[in-house]
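Asks: Order-wise, the sequence lines are chains A and B. Going by the working numbering, the first residue of the first sequence is number 1, and it counts up by one from there. Going by the working numbering, the first residue of the second sequence is number 1001, and it counts up by one from there. Think of the CB as a built atom: it goes at the ideal place given N, C-alpha and C, for glycine as much as any other residue. Remember, predicted model here, so these are calculated numbers, not experimental data.
There are 2 protein chains.
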Amino acid sequence: MGFDQLNDRERQILKVLIDHYVSTAEPVGSRVLANKFSIGLSPATIRNTMQDLEEMGLIRQPHTSAGRVPTDDGYRTYVDNLIEPQTIPNDLAKRLREELALEHKRAVEDIMAQTAHILASVTSQIGVTLAPRFDKGIISRIELVPVAERRLLVVVGIQTGLARTVLLEVAADADERSIEVTQRTLNERLAGQSVGNLRTTAPQMLKDDNRADPRLVKVFIEAAEDLIESGPGESLHVDGTSNLFSQPEFADHQALGGVLRVIEKRTPIVNLLRNRGAGEGIVVTIGREVKLEGAEGCSLVSSAYKIGQVEGTIGILGPTRMEYAKLLAIIDYTARLLAEQMEK
Amino acid sequence: MGFDQLNDRERQILKVLIDHYVSTAEPVGSRVLANKFSIGLSPATIRNTMQDLEEMGLIRQPHTSAGRVPTDDGYRTYVDNLIEPQTIPNDLAKRLREELALEHKRAVEDIMAQTAHILASVTSQIGVTLAPRFDKGIISRIELVPVAERRLLVVVGIQTGLARTVLLEVAADADERSIEVTQRTLNERLAGQSVGNLRTTAPQMLKDDNRADPRLVKVFIEAAEDLIESGPGESLHVDGTSNLFSQPEFADHQALGGVLRVIEKRTPIVNLLRNRGAGEGIVVTIGREVKLEGAEGCSLVSSAYKIGQVEGTIGILGPTRMEYAKLLAIIDYTARLLAEQMEK
DNA sequence: ACTTAGCACTCTCATGGCGAGAGTGCTAAC
DNA sequence: GTTAGCACTCTCGCCATGAGAGTGCTAAGT
Chain A
1 MGFDQLNDRE
11 RQILKVLIDH
21 YVSTAEPVGS
31 RVLANKFSIG
41 LSPATIRNTM
51 QDLEEMGLIR
61 QPHTSAGRVP
71 TDDGYRTYVD
81 NLIEPQTIPN
91 DLAKRLREEL
101 ALEHKRAVED
111 IMAQTAHILA
121 SVTSQIGVTL
131 APRFDKGIIS
141 RIELVPVAER
151 RLLVVVGIQT
161 GLARTVLLEV
171 AADADERSIE
181 VTQRTLNERL
191 AGQSVGNLRT
201 TAPQMLKDDN
211 RADPRLVKVF
221 IEAAEDLIES
231 GPGESLHVDG
241 TSNLFSQPEF
251 ADHQALGGVL
261 RVIEKRTPIV
271 NLLRNRGAGE
281 GIVVTIGREV
291 KLEGAEGCSL
301 VSSAYKIGQV
311 EGTIGILGPT
321 RMEYAKLLAI
331 IDYTARLLAE
341 QMEK
Chain B
1001 MGFDQLNDRE
1011 RQILKVLIDH
1021 YVSTAEPVGS
1031 RVLANKFSIG
1041 LSPATIRNTM
1051 QDLEEMGLIR
1061 QPHTSAGRVP
1071 TDDGYRTYVD
1081 NLIEPQTIPN
1091 DLAKRLREEL
1101 ALEHKRAVED
1111 IMAQTAHILA
1121 SVTSQIGVTL
1131 APRFDKGIIS
1141 RIELVPVAER
1151 RLLVVVGIQT
1161 GLARTVLLEV
1171 AADADERSIE
1181 VTQRTLNERL
1191 AGQSVGNLRT
1201 TAPQMLKDDN
1211 RADPRLVKVF
1221 IEAAEDLIES
1231 GPGESLHVDG
1241 TSNLFSQPEF
1251 ADHQALGGVL
1261 RVIEKRTPIV
1271 NLLRNRGAGE
1281 GIVVTIGREV
1291 KLEGAEGCSL
1301 VSSAYKIGQV
1311 EGTIGILGPT
1321 RMEYAKLLAI
1331 IDYTARLLAE
1341 QMEK
């Protein structure tokens, strides 16, 4: 809304101001802005405009005799209206492609960890990744593998070729024969179902069956939840937290501690990534919009990625003073890359 | 060696000094020490003794007019000679037992993460755990589970009931029949071998076989390394790093950053836990003995735990100024608890 | 010979004053 | 509508100051 009220000069000044502030981390005054305009415009004029911008809540002064810094709202209009889409340079694209190349077709967990790592090292921010949510996946096959006495490994494969496993404790007297029968039944009846529906539909689907071992079926159904998400925040990977140390906004011990603490809790971050606006693709969450206690000074640039029916999220977390245009491009490229790599 | 040269009074003073310093984090002067001795001994006398201790390199003064603080060597003699073994209080034992109870017999990864978490929250330090090293494990069974076209999940179970899985990419035309035959062969020939020997012995063991699919065998052998350790530092879990924020020694931005950075690299920590002295059981590594760049001010109390033939490590990492006696007791109890829980 | 009181000395740390520098807002001129 | 000029405000680094803490040494006491 604020944006419509902005005239050309105000937009221009806001943009240049933010650009400058992002790269220096210092409040920017009218003098330096005047210099950055090749078009002649005196500091005094710029001061007037800055006053207007301040009244609109887009910038503010840390104290009377300092320059201006953007507010959350300022960043918001900047991101939504003032930056133009950017493509990432070729060498960076190449680097991402190489580092994310899955020579050894590794486990999903490894890929997610690696992605977080790359994001962090490429951006010098915090890289976060959320593994694909299994619940939308369509079951293609189920295997019950006895790994030791009383222990059964359940392997559920979904259509895109991803698989997840859960270890079960079973009654001692489940013999190979009944395991095999149960497995066949599970496959016959549940293949084609989505994993998320397992818990509700599986009991009905298997109700009138009399071949499968009912105890095995029972523990299998109970395990369905672990399939969707194993452990609290298990599917979250975070890397590059130590990059915060080079950011001047986290020179303050308090601020730094708050962020690290909330990251360590994991669940808040998982929720943030899950509920980050309804947007399908890229979403930028700025400052207080990131509703995490302790991370008020942070922004998140995130994107969903899709592998067949299942979907995950990757993101970059850092101080609100970040290079949004560049990070948007990186996140976009990486999300596509990740989906592409995992598809095949 | 230094210890033999210490007389009773020196030992006594060193012990009380460290005890006091550990709880206050402030250099301790002759005055307060005099008060802590119920036995009358004047500050001046204590000063003399402190000078001796300083000459021996066991304590030092941060600056001329400050009290004394222990050196790494001081902590060393303290830990080796001055503390008496401690048993943990009942309520703490109970808490550990409850939080570590494996109701849902979960995956090893979850257990390790949970253990690190408990250690951290119980001690307010950093909890670190290293999953059991698979290489010493004796293979009890091998399963090859097709999860999708061209993708094969290898499940290797070892004698204690632990299992690990690796996902393999295989040639498109490996049919169910040849997978089954290969699986049977692998079991026949490799059961009873240790996982660590797989890479060297497996080729010989399988050389004269003509039933198993040689391509499957080949990728299986190549996957052996991933079985022992999947990904760099995958088996390491760290929790409670944000506890460092409440420690006065890490009020300094530099110091804090150094530690967090080295933790984030993971491999140095893994090596530390692997090579922490030849000791089988509990080991205390103090200050500079922890050969990590950036973690010079840290100590590690660690213990191995054993599940059948395989062995892992758990530990507590924190500033050298830590409650060694208490942490030793906690680590000891937790290591036993963990082994006990995972055995069954 | 060991212990202790007394004392001068040193170093840290918190405090407050001071001046330079930066950037503003306002007014008056263009 | 724009700009030069100027008084004003606030931060920040610097320095001096003084209280406080703890030491080492010397000389006296047991």
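Have a look at Gly315 (chain A) and Arg266 (chain A) and give me their C-alpha separation to the nearest angstrom.
Replies: Using only the alpha carbons, I get a separation of about 14 Å.
Asks: Say the cut is 8 Å; is the CB of Leu328 (chain A) nearer than that to a heavy atom of the ligand ATP?
Replies: The ligand ATP is absent from the structure shown, which contains no ligand whatsoever.
Asks: Between the region 1284-1292 of chain B and the region 1210-1223 of chain B, can you find at least three pairs of beta-carbon atoms closer than 8 Å?
Replies: Not touching, per the Cβ criterion.
Asks: CA-CA distance, Leu17 (chain A) and Pro70 (chain A)?
Replies: Those two C-alpha atoms are separated by around 8 Å.
Asks: Tell me which residue opens and which closes the alpha helix (DSSP H) that His253 (chain A) is part of.
Replies: 253-265 is the extent of the alpha helix (DSSP H) around His253 (chain A).
Asks: Give every residue of the same chain whose Cβ lies closer than 6 Å to the Cβ of Asp1239 (chain B), excluding the five residues on either side of it in the sequence, and list them in chain order.
Replies: Result list for Asp1239 (chain B): Ala1116, His1117, Ala1120, Gly1127, in chain order.
Asks: Report yes if the CB atom of His1237 (chain B) is closer than 9 Å to the CB atom of Thr1129 (chain B), and no otherwise.
Replies: Yes; because the gap between Cβ atoms is below 9 Å, this pair is in contact.
Asks: Where Ile269 (chain A) and Leu256 (chain A) are concerned, what is the direct C-alpha to C-alpha distance, given to the nearest angstrom?
Replies: Using only the alpha carbons, I get a separation of about 16 Å.
Asks: Can you tell me where the beta strand (DSSP E) with Ala304 (chain A) in it begins and where it stops?
Replies: Looking at the DSSP string, the run of the beta strand (DSSP E) that includes Ala304 (chain A) is 298-307.
Asks: Would the beta-carbon of Val1166 (chain B) fall within 9 Å of that of Arg1150 (chain B)?
Replies: In this structure, Arg1150 (chain B) does not lie closer than 9 Å to Val1166 (chain B) by Cβ.
Asks: Since Gly161 (chain A) meets chain B, which of its residues come closer than 9 Å, beta carbon to beta carbon?
Replies: Simply Val1147, Ala1148, Glu1149, Arg1150, Arg1151.
Asks: Of all the CB atoms in chain A, is at least one closer than 9 Å to the CB of Ala1131 (chain B)?
Replies: Closer than 9 Å: no.
Asks: Quick check: what's the CA-CA separation for Glu1280 (chain B) versus Ala1304 (chain B)?
Replies: When rounded, the distance between both Cα atoms is 6 Å.
Asks: Which same chain residues end up closer than 6 Å to Pro132 (chain A) when comparing Cβ atoms and leaving out the 5 residues on each side of it in sequence?
Replies: Answer for Pro132 (chain A): Ile307, Val310, Gly312, listed in chain order.
Asks: If distances are taken between C-alpha atoms only, which option among B:Thr1024, B:Val1022, B:Ser1042 comes closest to Ser1030 (chain B)?
Replies: It is B:Ser1042.
Asks: Going by CA-CA distance only, name the one from A:Ile330, A:Ala339, A:Met342, A:Ala335 that's closest to Asn90 (chain A).
Replies: Checked all of A:Ile330, A:Ala339, A:Met342, A:Ala335; the closest Cα to Asn90 (chain A) is A:Ile330.
Asks: Please give the ranges of any alpha helix (DSSP H) in the region 1048-1088 of chain B, keeping only runs that are unbroken, at least 4 residues long and fully inside the region.
Replies: Within the region 1048-1088 of chain B, the complete alpha helix (DSSP H) runs of at least 4 residues are 1072-1077.
Asks: Quick one: is Asn1007 (chain B) buried, meaning 16 or more other Cβ sit within 10 Å of its Cβ, or exposed?
Replies: Exposed.
Asks: Residues of chain A with CB under 7 Å from Gly1157 (chain B), in chain order?
Replies: Near Gly1157 (chain B) (Cβ distances below 7 Å), the residues of chain A are Val147, Ala148.
Asks: Taking 9 Å as the threshold (beta carbon to beta carbon), is Thr123 (chain A) in contact with chain B?
Replies: Output row for Thr123 (chain A): interface = no.
Asks: Strictly by DSSP, which residues pair up with His237 (chain A)?
Replies: Per DSSP, A:Thr129.
Asks: Is there at least one Cβ from chain B nearer than 9 Å to Gly192 (chain A)'s Cβ?
Replies: Cβ-Cβ to chain B under 9 Å: no for Gly192 (chain A).
Asks: In terms of residues, what are the limits of the beta strand (DSSP E) holding Glu143 (chain A)?
Replies: Run containing Glu143 (chain A): 139-148, per the beta strand (DSSP E) assignment.
Asks: Would Gln247 (chain A) and Gly192 (chain A) qualify as a contact pair, given that the criterion is a beta-carbon distance under 9 Å?
Replies: Not in contact: Gln247 (chain A) and Gly192 (chain A) (Cβ atoms no closer than 9 Å).
Asks: Quick check on this structure: which residue in B:Val1156, B:Ser1023, B:Arg1011 has the alpha carbon closest to the alpha carbon of Ala1224 (chain B)?
Replies: The shortest Cα separation from Ala1224 (chain B) among B:Val1156, B:Ser1023, B:Arg1011 belongs to B:Val1156.
Asks: Just mark Ala107 (chain A) as buried or exposed, buried being the case when its beta carbon has 16 or more other beta carbons within 10 Å.
Replies: Buried, by the Cβ-count rule.
Asks: Could you please tell me which residues of the region 1243-1256 of chain B, in chain order, have their CB closer than 7 Å to any CB of chain A?
Replies: Taking 7 Å as the Cβ-Cβ cut-off against chain A, the residues of the region 1243-1256 of chain B that qualify are Phe1245, Ala1251, His1253.
Asks: Since Arg276 (chain A) and Leu292 (chain A) are thought to touch, with beta carbons under 8 Å apart, how far apart are those beta carbons, to the nearest angstrom?
Replies: Rounded, the Cβ-Cβ distance is 12 Å, inconsistent with contact.
Asks: List the whole-angstrom C-beta distance separating His253 (chain A) from Ala1251 (chain B), where the pair is believed to meet the contact cut-off of C-beta under 8 Å.
Replies: That pair is a contact at about 7 Å.
Asks: For Thr1165 (chain B), return the contacting residues in chain A, with the cut-off set at a CB-CB distance below 7 Å.
Replies: Neighbours of Thr1165 (chain B) on chain A, chain order: Thr165.
Asks: Quick check on the DSSP output: the alpha helix (DSSP H) that includes Ala1163 (chain B) runs from which residue to which?
Replies: No alpha helix (DSSP H) contains Ala1163 (chain B), which is instead part of the beta strand (DSSP E) from 1163-1169.
Asks: From A:Leu260, A:Gly161, A:Lys218, A:Glu222, pick the residue whose C-alpha is nearest to that of Met342 (chain A); which is it?
Replies: Selected option, being the one with the closest Cα: A:Gly161.
Asks: What does the alpha-carbon distance come out to for the pair Asn1199 (chain B) and Ile1139 (chain B)?
Replies: For the sequence presented, residue 1199 (chain B) should be read as Arg rather than Asn. About 13 Å.
Asks: Go ahead and pull the three-state DSSP assignment for Glu99 (chain A).
Replies: Looking at Glu99 (chain A) - three-state DSSP - the assignment turns out to be helix.
Asks: Taking the straight line between their C-alpha atoms, what separation do you get for Glu109 (chain A) and Leu1227 (chain B)?
Replies: Cα to Cα, Glu109 (chain A) sits roughly 15 Å from Leu1227 (chain B).
Asks: Going along the chain, which unbroken runs of the beta strand (DSSP E) with 3 or more residues stay wholly within the region 185-248 of chain A?
Replies: Runs found: 236-239.
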